[in-house]
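The listed protein sequences correspond, in order, to chains A and B. Here the first sequence stands for residues 29 to 140, numbered as in the working numbering. Here the second sequence stands for residues 242 to 355, numbered as in the working numbering.
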Amino acid sequence: GENVEQHPSTLSVQEGDSAVIKCTYSDSASNYFPWYKQELGKRPQLIIDIRSNVGEKKDQRIAVTLNKTAKHFSLHITETQPEDSAVYFCAPSLQGAQKLVFGQGTRLTINP
Amino acid sequence: KAGVTQTPRYLIKTRGQQVTLSCSPISGHRSVSWYQQTPGQGLQFLFEYFSETQRNKGNFPGRFSGRQFSNSRSEMNVSTLELGDSALYLCASSLWQFSYNEQFFGPGTRLTVL
Numbered sequence: 029g030e031n032v033e034q035h036p037s038t039l040s041v042q043e044g045d046s047a048v049i050k051c052t053y054s055d056s057a058s059n060y061f062p063w064y065k066q067e068l069g070k071r072p073q074l075i076i077d078i079r080s081n082v083g084e085k086k087d088q089r090i091a092v093t094l095n096k097t098a099k100h101f102s103l104h105i106t107e108t109q110p111e112d113s114a115v116y117f118c119a120p121s122l123q124g125a126q127k128l129v130f131g132q133g134t135r136l137t138i139n140p
Numbered sequence: 242k243a244g245v246t247q248t249p250r251y252l253i254k255t256r257g258q259q260v261t262l263s264c265s266p267i268s269g270h271r272s273v274s275w276y277q278q279t280p281g282q283g284l285q286f287l288f289e290y291f292s293e294t295q296r297n298k299g300n301f302p303g304r305f306s307g308r309q310f311s312n313s314r315s316e317m318n319v320s321t322l323e324l325g326d327s328a329l330y331l332c333a334s335s336l337w338q339f340s341y342n343e344q345f346f347g348p349g350t351r352l353t354v355l
């Protein structure tokens, strides 16, 4: 089965600084790479995704970069704000498949 | 559109009992997936249904089962409950077109097994 690892498991940054979370996967067939955000007591929500024919995608303060050769992709958050505090999950999968294999999550804390 | 809804939101059961959880997807969504979330194991895929058929299954024992109805609503059942089944059970629905993967999660059902 797919092995998915996220690093770091916890991350604490000062408000305004950048945060980077890395996700490494084992299944070379994976071609869809989403990141989900789960705030405390809330449901996971998709914040950004990328497909394997694209190396980078940006949406305002968040971006995802993909290195398919090395089998890892990363979430970048710039100009962090208190509302960015949450647990972030990567879930590499096959495009069209509805089975998400989640990483163990990264707890991001933004310090004011 | 209304979001994904799950009932009940909280459940307390004892070991050996069985439980049924319900999920109503977003209108028009035909795929429903179920996940178990625990502090130790994280988010784990249980199974996925599309057009009343189970298409994908995770690595859970046969005590975990599910079904989907013609209106896309889904139920999951856990029989012979064990203490380790205590978890947040999340369902997610998806529009499911070949190139469209986003899953929309419900609020979850918090199951406590005593």
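For each residue, glycine too, the CB sits at the ideal point set by N, CA and C.
- Assigned with DSSP and collapsed to three states, residue 112 of chain A falls in helix.
- Put simply, the CB of residue 333 of chain B is near chain A, with a gap under 9 Å to one of its CB atoms.
- 272: these are the residues of the stretch 250-273 of chain B whose beta carbon lies less than 7 Å from some beta carbon of chain A, given in chain order.
- In this structure, residue 329 of chain B lies away from residue 299 of chain B, with their beta-carbon atoms at least 9 Å apart.
- Using a Cβ-Cβ distance cut-off of 8 Å, the stretch 256-265 of chain B and the stretch 107-123 of chain A are not in contact, since fewer than three pairs of beta carbons, one from each stretch, lie closer than that value.
- Going by C-alpha positions, residue 45 of chain A is about 47 Å away from residue 304 of chain B.
- For residue 41 of chain A, the enclosing beta strand (DSSP E) starts and ends at 38-42.
- For secondary structure counted as the beta strand (DSSP E) over 3 or more consecutive residues, the stretch 39-79 of chain A holds these complete runs in sequence order: 47-53, 60-66 and 73-79.
- Annotated three-state conformation of residue 329 of chain B is strand, per DSSP.
- For residue 298 of chain B, the enclosing beta strand (DSSP E) stretches over residues 294-298.
- Taking every protein chain shown into account, the CB of residue 290 of chain B has 16 or more other CB atoms within 10 angstroms, so this residue is buried.
- Under the DSSP definition of a beta bridge, residue 286 of chain B partners with B:276.
- When the beta-carbon positions are compared, residue 51 of chain A and residue 121 of chain A stay at least 9 Å from each other.
- Nearest to residue 293 of chain B by alpha-carbon distance, out of B:301, B:287 and B:308, is B:308.
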